[in-house]
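Novice: This is the structure I have questions about; it appears just below.
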Amino acid sequence: ALAAAALAAAANAAAAPPPLTLNLSGPGGAVWGDGEMAALVRRLVGRPAIAALLGELWVHHTSLSDEAASPLSELIRASPLRELHVSDCNPGLSLDGVEALAAAAEEAGCGSSSRPRRLYINARHLPPSAEAVAMQRSFAASVTLRLGGGRGGGKGSPSPQGRGKGSPASQGRKGGGSGGGRAHHKGGSPAGRGGSPGGRGGGRGGRGRGGG
């Protein structure tokens, strides 16, 4: 039922010019878990006309775990997604889960001539460990990855006008999101951002792209 409601919100917003922002974050977001995410992705993939409009997905403060990495990866490949905000979930996506998303973006051609925009992934709940920074750098051609303790990236959820603090398109977003499958359109994008903090890390240290 939740996935159907979220798809309906996306369909209702699809009449406006793309890209579409689907915001499932916020105080009510805890009820949005891996099962709901998988169900929504199935519906979106089955409605390619809607999936083709999706620009941003916000799922801060939900109940997602690494099990959501597979359907989210499918969505990355099936849509022109520009931003994916997965921070501060409980239990949350681990570094392995986020790496799977980055690998999907690379596979989908993000940052290439066929899909010029790199995918912005907000995973600020992950500390900028040497391993995380190495992974961040290894996917830098396809992904702009925000880790915790660094500059940039979004906080909270987007306003209806796509303004606020820290957004990849502006200077950031402030405040909590709104739940209930709110969808809207905005124009900004994180294109041109990238890099990794402070010259830390370097190399992947033998870490495989499939996790581990």
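Just so you know, we're using my numbering here: the sequence shown kicks off at -12 and counts up by one.
Just so it is clear, CB atoms sit at the ideal spot from N, CA and C, and this is done for glycine as well.
Can you tell me whether asparagine 77 is buried or exposed, with buried defined as 16 or more other CB within 10 angstroms of its CB?
Specialist: Per the 10 Å Cβ criterion, exposed.
Novice: In the DSSP assignment, find the unbroken alpha helix (DSSP H) run with valine 130 in it and report its ends.
Specialist: Segment 130 to 133 is the beta strand (DSSP E) holding valine 130; no alpha helix (DSSP H) there.
Novice: Just verifying my parser: in three-state terms, what is the DSSP assignment at arginine 102?
Specialist: Residue state, collapsed to three classes: strand.
Novice: I'd like to check one pair, leucine 40 with leucine 82: are the Cβ atoms closer than 8 angstroms?
Specialist: Not in contact: leucine 82 and leucine 40 (Cβ atoms no closer than 8 angstroms).
Novice: Could you give the distance in angstroms between the alpha-carbon of serine 125 and the alpha-carbon of threonine 131?
Specialist: Cα to Cα, serine 125 sits roughly 11 angstroms from threonine 131.
Novice: Would you mind working out which of Gln123, Trp19, Glu23 and Pro103 sits nearest glycine 135, comparing C-alpha positions?
Specialist: Nearest option by C-alpha distance: Gln123.
Novice: Using the C-alpha atoms, what's the distance from alanine 38 back to valine 73?
Specialist: Spanning the two alpha carbons is a distance of roughly 19 angstroms.
Novice: With C-beta atoms as the reference, is arginine 102 less than 8 angstroms away from alanine 95?
Specialist: Yes, these two residues count as a Cβ contact at 8 angstroms.
Novice: Rounded to the nearest angstrom, what separates serine 100 and alanine 92 at their Cα positions?
Specialist: C-alpha separation (whole angstroms): 14 angstroms.
Novice: Nearest by alpha-carbon distance to arginine 34: which of Leu113, Ile108, Glu86 and Ala65 is it?
Specialist: The residue with the shortest Cα to Cα distance from arginine 34 is Ala65.
Novice: According to DSSP, what are the bridge partners of tryptophan 19?
Specialist: Note: tryptophan 19 sits in no beta bridge, so no partner.
Novice: Exposed or buried, which one is proline 114 when buried takes at least 16 other CB atoms within 10 Å?
Specialist: Looking at its Cβ environment, which holds fewer than 16 other Cβ atoms inside 10 Å, proline 114 is exposed.
Novice: Round the Cβ separation of glycine 98 and serine 129 to the nearest angstrom and send it over; I've been treating them as touching at under 8 angstroms.
Specialist: With 8 angstroms as the limit, glycine 98 and serine 129 qualify as a contact, their Cβ atoms being about 4 angstroms apart.
Novice: So is alanine 117 buried or exposed if we call it buried at 16+ other beta carbons inside 10 Å?
Specialist: The residue in question, alanine 117, is exposed, as its Cβ has fewer than 16 Cβ neighbours within 10 Å.
Novice: Report buried or exposed for alanine 89, applying the criterion of at least 16 other Cβ atoms within 10 angstroms of its Cβ.
Specialist: Counting Cβ neighbours within 10 Å, alanine 89 comes out buried, since at least 16 surround it.
Novice: Would you tell me roughly how many angstroms separate the C-alpha atoms of serine 60 and alanine 121, rounded to the nearest one?
Specialist: If I take the Cα positions, the gap works out to 21 angstroms.
Novice: With distances taken Cα to Cα, identify the nearest neighbour of glutamate 86 among Ala127, Ser12 and Gly13.
Specialist: Checked all of Ala127, Ser12 and Gly13; the closest Cα to glutamate 86 is Ala127.
Novice: Here's the rule I'm using: 16 or more other beta-carbon atoms within 10 Å means buried, otherwise exposed. How should alanine 119 be labelled?
Specialist: Buried is the call here.
Novice: With 16 other CB atoms within 10 Å as the buried threshold, where does alanine 36 fall?
Specialist: Flag for alanine 36 reads exposed.
Novice: Let's see if you can read the secondary structure: which residues bound the alpha helix (DSSP H) around leucine 82?
Specialist: From DSSP, the alpha helix (DSSP H) with leucine 82 extends over 82 to 94.
Novice: Using three-state DSSP, classify leucine 7 as helix, strand or coil.
Specialist: Note: leucine 7 maps to strand in three-state DSSP.
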